[in-house]
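S.K.: Counting from 488, one number per residue, gives the positions in the sequence shown under our numbering. Backbone N, C-alpha and C define an ideal beta-carbon position, used for all residues, glycine too.
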Amino acid sequence: MNIYFIKIHDIYSLSKDMLTHHANKKLNTTTHPSRIHQIIFSDLLVQYALYKNQGHKKPLNITYNINGKPLISTHSFNVSNCKEWVMCAYNDNGEIGVDIERYKPFNLGLAKYFYTNDEVKKMMSLKADSKDTYFIDTWTFKESYVKCKGGKILDIKNEINTPFTYSYFVKSKTKIHGESLYFIRGFIEDYGWCLISTENFHRFRIQIVNYEELIQTLHQN
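Shown next as structure tokens:
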């Protein structure tokens, strides 16, 4: 399992030829600077991950399901972005889903709407700063799960209990609807992230990708 991160920053010149057709189409739907940067960096990081693991460069044969889950004919990858960071994971086996979110004060109304009663009770039993951490860690687990399964967050509204653990950067196992799942929680700066896989994996590697290195890699013959 390979997990990649890249920090979003201002870029002053980038040819649209560096991006996939899918990314260029998405760029045509927004004029918001932060969203534009998220689209660009997400696309470049996906290209980087696929090149590093498969030797493939664009045009990439990626399709998307009705909920936007990216699919390739062999192996599995998933991508998430939030504010300043993009995360992409790649694995040879099974399906995977990832999510990254910035830590922020917990939202009780949102928790009551999406989380189970047990999760809300657990969150409210914690100290103030732990509530914030629990709220985001629970959210990233749920988002990673639905992205792994190719669904959407409303599909599991008030349904599944998120495993309670503060063991970061350690692979853990859980069961949802009788299915064994393997997950990792982690953090980078003031962001929390989660990865879920349908297949067991023995090792994982985390890499923070430098933008200049990424561009140089994608320019290689």
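Can you name the residues that DSSP bridges to M574?
M.R.: F492 and S567.
S.K.: Less than 8 Å separating the beta-carbons of V573 and L506?
M.R.: No.
S.K.: Can you pull the DSSP bridge partners for T620?
M.R.: For T620, which the question treats as bridged, DSSP gives no partner whatsoever.
S.K.: Have a look at the DSSP bridge pairing and note the partners of Q694.
M.R.: DSSP output for Q694 lists Y491 as bridge partner(s).
S.K.: Which class does G584 belong to by DSSP, given the choice of helix, strand or coil?
M.R.: Note: G584 maps to strand in three-state DSSP.
S.K.: To the nearest angstrom, report how far apart N648 and L514 are at their CA atoms.
M.R.: N648 and L514: Cα-Cα distance of roughly 36 Å.
S.K.: Mind checking which residues open and close the alpha helix (DSSP H) that includes K512?
M.R.: H508 to L514 is the extent of the alpha helix (DSSP H) around K512.
S.K.: Could you tell me which uninterrupted beta strand (DSSP E) segments, each at least 3 residues in length, are contained entirely in the stretch 584-612, listed from first to last along the chain?
M.R.: Within the stretch 584-612, no complete beta strand (DSSP E) run reaches 3 residues.
S.K.: My parser needs the beta strand (DSSP E) runs of 3 or more residues fully inside the stretch 617-678; what are they?
M.R.: For the stretch 617-678, whole beta strand (DSSP E) runs of length 3 or above, ordered along the chain, are 659-663 and 666-675.
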